[in-house]
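Numbering (the working numbering), first residue to last: 7 to 580. Quick reminder that beta carbons are idealized off the backbone N, C-alpha and C, glycines included.
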Amino acid sequence: MLDSMAGKKPLNVILYWHMHQPDYRDLRNGEYHLPWTYLHTIKDYVDMVAHLENQDGARAVVNFAPILLEQIQDYSQQLTEYRDAGKALRDPLLAALAGPVLQLDENARLTLVKTCLRANRQRLIERFPAFVTLAEMAELAVKEPEKLAYYSEQFFIDLLVWYHLSWMAETVRKTDERVQVLMKQAAHFTMGDRHTLVDIIHELISGVIGRYKALAETGKIELSMTPYAHPILPLLIDLKCAEQAMPGTDLPESAQYPGGMARSRWHMEKGLAVFKDTFGFMPAGCWPSEGAISAETIELIDEMGLKWLASGETVLRKSLEKASSDERAGEGNECIHKAYQYQDNGITCFFRDDGLSDLIGFKYSDWHADDAVANLVHHLENIAEACADKEDRLVSIILDGENAWEYYPENGYHFLSALYENLVAHEGIKLTTYSEFLSSPRERTRVNEVVAGSWVYGTLSTWIGEADKNRAWDMLVDAKYAYDRVVQEGALDEQQLQRATIQLATCESSDWFWWVGEYNSAESVSAFDEQFRMHLGNLYQILEVSPPDYLARAFSSGSGAPAMGGAMLPGQQQ
C-alpha cells in the first residue's frame, strides 16, 4: 500500500478530541456532588496534552465544553485558597483526602467506600495489588455495612490515597518521583503523604489549561468551542426535529421548548465569551454538543462568524439520501472524506469517520497497542487509495477524549504514544487541523438537505423519544415558562437575573437527558436524575416560585449495563 501512495499528496487526517463534563456543582453553594471533573482532569486531560507535547510533529484539534473549563478553573481556585488561606474545599472527596480529620459517621463511611470503588476494576484497581486488597475490603463493607464500624481510620486514608493514585495520569506516574514514592510505599499513608498528593493534584489542575493554550499558540493544536452548557441545539430550537431521523417517534407533551432559538444563541455567545476569557483569542470552529446539528443549527453557528463545524458520518449519509432521489445515495461508495457546505452558508462542515473513530473508542482497548495502530494505519491507507482522485480528501477521527482511556492498559499510554509516532512518521499521512486545512482554497461539496441528528446513530434518540427523556423535557419546559414569566414581570434584580440565567443554562445541558432512561445503570440514572431535579429546584428557588411537587420524586430508573458504563456510544447502531 505504501508503494501505491508514493508520489501522491498525503492523506489529510484530523484527530479531534472532545472533552466534556456537566456542571456537578450545586450553584447555591458551589459544592460538587460528583468528582468526575477533577478526576478526569488529573488523569485524561493531563495525559492527552502530554502526548501532544512529547511527540514532535503531532497535531490535533481539541474541544473543551465551556462549562468544563469553568469547573477546572474553579477547582484550581479552590485548591489555591485551601493552600494559601485554609479555606474549605467544596468537593467532599477531595476534602476527605486533604482534611486532617476524617469526620465519618456510619453513612459517610459507606458513601466513601462506594465512591472509591467507582473505577474500572480491570484497569484502575487490579493493576495495583495494594488497591486490590483495599477494594476487596470495601466491597465486603458494601455488602455488610455493619462491619464498617470495625474498619480503622488508616483503612479509609489508604483507600482515599490509592483511589487518587489510580486516577493519576500515566505520563505523571512515569515521571513524577513523588507519585512513584507514594506507590512504592503502598500503605500506612501519613498526613504528609496526603498533602503531597493534594499538591500534585493542585499542580496538575492549575497547569492543564495553560498547557493546551501554549500548544495552540504554537499551532500544534487547534482549540474549538461548544455551546456553553452543552445543550442539544437542534432540540432547543425545535423538539419536533427529532422526527426527521426517527419518523413516528414519541415526543414530549410540550410542543416546543419556549424561546429555544434565543436560548441557543445565548449558549453560543456565552460559550464564545468563556473561550475568549480562558484562552485569550477566539476559536475558528465549533463542535456542536454531541455533534448534533440541524439546518437551523448550522445557520446559527454560521451567524456567529465561525469558519467550520463538525458532526457525525451518519448525519451526512442520511442528509445525502434525503437530498437524492436515489434511496441508497447515503450508502454509496463515493468518497465522503472531504469538506461540505450546507446550501449557501459560508461555514464549512466536516463529518466524522464513524468506523475509525469507534475502533479507538470501543475496540482497540483490548488489542496490543502496536497491532491496533497498525490496523488503523491500514484503514487510512485503504481510504487514501479509494479516494486517490480527490485532492482535498480529509479523514476526521472524532471521539471523546476522556472516557475511552480507562478501558485501555495504562490509560492508553502505549496506544496514544504509538498512534502519534506512527502517524507522524507515515509519508502518506499528514496530521493537520481544520483551520490549517482551510488556509488553502478548498473545494466544498454542496449539501442541500440536512437531517437533524448527532454523532450517536445519526439521530437524537439519546436525548428524546423515550418516556423518561420526554418527561425530563416537559419538566424543563415548565421551568422555562416560570423563568420567562418572572423575567417578563421584572421581578429580578440584575444579580438574580444573572444567577437564574446561568442556572437555566445548566438545566438545559444534554447530560440529564443522556443519562435518564432504562438503558443506563440504576446507579448512573439515580445520580443524574437527582442532579437534574436539584438544578431545576435551584432555578425555582432563585425565581422565588414554588417548585412543582414532582421535583421531590425520582422520575427515572435504570436497569441496563451498557458498554463503557454508558459514558460513550458508537456512531452507528450495532
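{"Item": "Alpha carbon to alpha carbon, how far is Tyr487 from Pro554?", "Value": "13 Å"}
{"Item": "What are the partner residues of Val67, as DSSP defines its beta bridges?", "Value": "Tyr22, Glu228"}
{"Item": "Could you give the distance in angstroms between the alpha-carbon of Asn526 and the alpha-carbon of Gly566?", "Value": "5 Å"}
{"Item": "Quick one: using the 10 Å Cβ neighbour count with 16 as the cut-off for buried, is Ser446 buried or exposed?", "Value": "exposed"}
{"Item": "For a quick check, are the C-beta atoms of Ser515 and Ile206 less than 9 Å apart?", "Value": "no"}
{"Item": "Just to confirm, are Pro28 and Thr507 a CB contact at a threshold of 9 Å?", "Value": "no"}
{"Item": "CB-CB under 8 Å to Lys396, same chain, minus the five flanking residues each way: which ones, in chain order?", "Value": "Cys341, His343, Lys344"}
{"Item": "What's the C-alpha gap between Ala144 and Lys328?", "Value": "54 Å"}
{"Item": "Report the start-end ranges of each alpha helix (DSSP H) in the region 444-497 that is 4 residues or longer and not cut off at the edges.", "Value": "473-495"}
{"Item": "Could you give the first and the last residue of the continuous beta strand (DSSP E) run that contains Asp406?", "Value": "400-406"}
{"Item": "Classify Asn417 as buried or exposed, calling it buried when 16 or more other Cβ atoms lie within 10 Å of its own Cβ.", "Value": "buried"}
{"Item": "Any idea what DSSP makes of Ser317, helix, strand or coil?", "Value": "strand"}
{"Item": "What are the boundary residues of the alpha helix (DSSP H) that Gln501 is part of?", "Value": "500-513"}
{"Item": "Where do the ends of the beta strand (DSSP E) carrying Leu437 lie?", "Value": "435-437"}
{"Item": "Based on the DSSP secondary-structure assignment, which residues constitute the bridge partners of Tyr348?", "Value": "Val453"}
{"Item": "Helix, strand or coil: which one does DSSP assign to Tyr157?", "Value": "coil"}
{"Item": "Give me the residue from Gln537, Leu425, Glu296 with the minimum Cα distance to Ile20.", "Value": "Leu425"}
{"Item": "Could you tell me the distance, in whole angstroms, from the CA atom of Ile227 to the CA atom of Trp42?", "Value": "25 Å"}
{"Item": "Do you know whose CA, among Ser563, Leu510, Asn476, Glu259, lies nearest Tyr3's CA?", "Value": "Outside the displayed span of the chain (7 to 580) sits residue 3, for which this structure offers no information."}
{"Item": "Applying the 10 Å Cβ sphere with the 16-neighbour rule, what's the burial state of His432?", "Value": "buried"}
{"Item": "Check whether the region 123-131 and the region 61-69 touch, using three or more Cβ-Cβ pairs below 8 Å as the test.", "Value": "no"}
{"Item": "Can you find the residues in the same chain that come closer than 8 Å, C-beta to C-beta, to His385, ignoring five residues on each side of it along the sequence?", "Value": "Gly361, Leu362, Leu365"}
{"Item": "I'd like to confirm the pairing. Which residues does DSSP put opposite Tyr38 in its beta bridges?", "Value": "Arg31"}
{"Item": "DSSP state of Gly291, grouped into three classes?", "Value": "strand"}
{"Item": "For Leu242 versus Arg217, is the C-beta distance shorter than 9 Å?", "Value": "no"}
{"Item": "Applying the criterion that 16 or more other CB atoms from any shown protein chain within 10 Å of the CB defines a buried residue, is Val148 buried or exposed?", "Value": "exposed"}
{"Item": "Can you pull the DSSP bridge partners for Phe357?", "Value": "Ser317"}
{"Item": "Suppose you measure from the CA of Pro151 to the CA of Ala136; what does that come to, to the nearest Å?", "Value": "22 Å"}
{"Item": "I'd like the list of long-range same chain contacts for Asp199, defined as Cβ closer than 8 Å, with 5 residues on each side in sequence excluded.", "Value": "Val167, Leu188, Gln191"}
{"Item": "If you compare alpha carbons, which of Asp474, Tyr489, Gln578, Ser532 is closest to Gly543?", "Value": "Tyr489"}
{"Item": "Looking at the structure shown, is Leu95 part of a helix, part of a strand, or coil, going by DSSP?", "Value": "coil"}
{"Item": "Since His343 is in the alpha helix (DSSP H), which residue starts that stretch and which ends it?", "Value": "Premise fails: His343 is in no alpha helix (DSSP H) and is neither H nor E."}
{"Item": "Distance, Cα to Cα, Val401 vs Phe356?", "Value": "9 Å"}
{"Item": "Can you tell me whether DSSP reads Leu17 as helix, strand or coil?", "Value": "strand"}
{"Item": "Just the C-alpha distance for Glu500 and Val493, rounded to the nearest angstrom, thanks.", "Value": "11 Å"}
{"Item": "Use the C-beta contact count for Arg399: other C-beta atoms within 10 angstroms, 16 or more gives buried, fewer gives exposed.", "Value": "buried"}
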